[in-house]
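Reading the sequence shown from the start, the letters are residues 23 to 156 in the working numbering. Glycine is no exception: its CB is placed at the ideal position from the N, C-alpha and C atoms. Working notes for the structure below.
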Amino acid sequence: MNVWLAHRVSYGETDAMGVMYYAEYLHLFERGRSEWIRACGHSYAAIEAQGIYLPVREAQCRYRAPARYDELIWLETWLDAQGRASLTFAYRLMDETKTRLLAQGSTQHAVVDSRGKPVAIPQWLREFLSPSCQ
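Next comes the structure, spelled out in structure tokens:
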């Protein structure tokens, strides 16, 4: 399942040239991931309440065209891969008309317990991440 999130670039997210600062893209990826999980019927908080955490262990972003101050942009998020103890989300940032690619990227997440130790994805989480949410 792909989830779309609309976002208007604020002044505080831009650099001196009025272009969205590069690190802000990663903040948008986080928002997209949270909304993807919510669209599947859960929240990050609910997953963490079960003692499972999803820290980012790798992030990648390829910038294709600038997002500028006050532009409406769209972020598309989906679950791209599942490992035994990892998840990978993918992202595309598009212009207002969804015809021009601004950036694309991914985040890979370890699945860890409350002590930060890697664990296999629990069955309840695998069911939550079933094909209906992919």
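Other residues of its chain near S161: CB distance less than 7 Å, five sequence neighbours each side excluded
Not covered by the structure: residue 161. The range shown for the chain is 23 to 156.
Identity of the residue in A142, L124, R122, L123 nearest H131 by Cα:
Translated into positions along the sequence shown, residue 131 becomes position 109. The candidate whose alpha carbon is nearest that of H131 is A142.
Mind checking whether G138 and Y91 have CB atoms under 7 Å apart?
As a first step, residue 138 is located in the sequence shown; it is residue number 116 there, counting from the start. As a first step, residue 91 is located in the sequence shown; it is residue number 69 there, counting from the start. Contact: no.
Below 8 Å on the Cβ atoms is my guess for R79 versus Q126; work out the distance and round it to an integer in Å.
Position 57 of the sequence shown holds residue 79. Position 104 of the sequence shown holds residue 126. Not confirmed; about 19 Å, so no contact.
By the 10 Å Cβ neighbour count, where 16 or more other Cβ atoms means buried, how is H49 classified, buried or exposed?
Looking up residue 49 in the sequence shown gives position 27. It is exposed - the Cβ of H49 has fewer than 16 other Cβ atoms within 10 Å.
DSSP state of L27 mapped onto helix, strand, coil
Here residue 27 refers to the residue found at position 5 when the sequence shown is read from its first residue. In this structure, L27 counts as strand in the three-state DSSP scheme.
Just the C-alpha distance for P144 and R106, rounded to the nearest angstrom, thanks.
Taking the first residue of the sequence shown as position 1, residue 144 is located at position 122. Taking the first residue of the sequence shown as position 1, residue 106 is located at position 84. C-alpha separation (whole angstroms): 9 Å.
Within a Cβ cutoff of 7 Å, which residues of the same chain sit near D102, ignoring the five residues on either side of it in sequence?
By 1-based counting over the sequence shown, the position of residue 102 is 80. Contacts found: T110, F111, A112, S128.
CB V31 to CB E57, shorter than 7 Å?
Within the sequence shown, numbered from 1, the residue matching residue 31 stands at position 9. Within the sequence shown, numbered from 1, the residue matching residue 57 stands at position 35. For V31 and E57, no; Cβs fall outside 7 Å.
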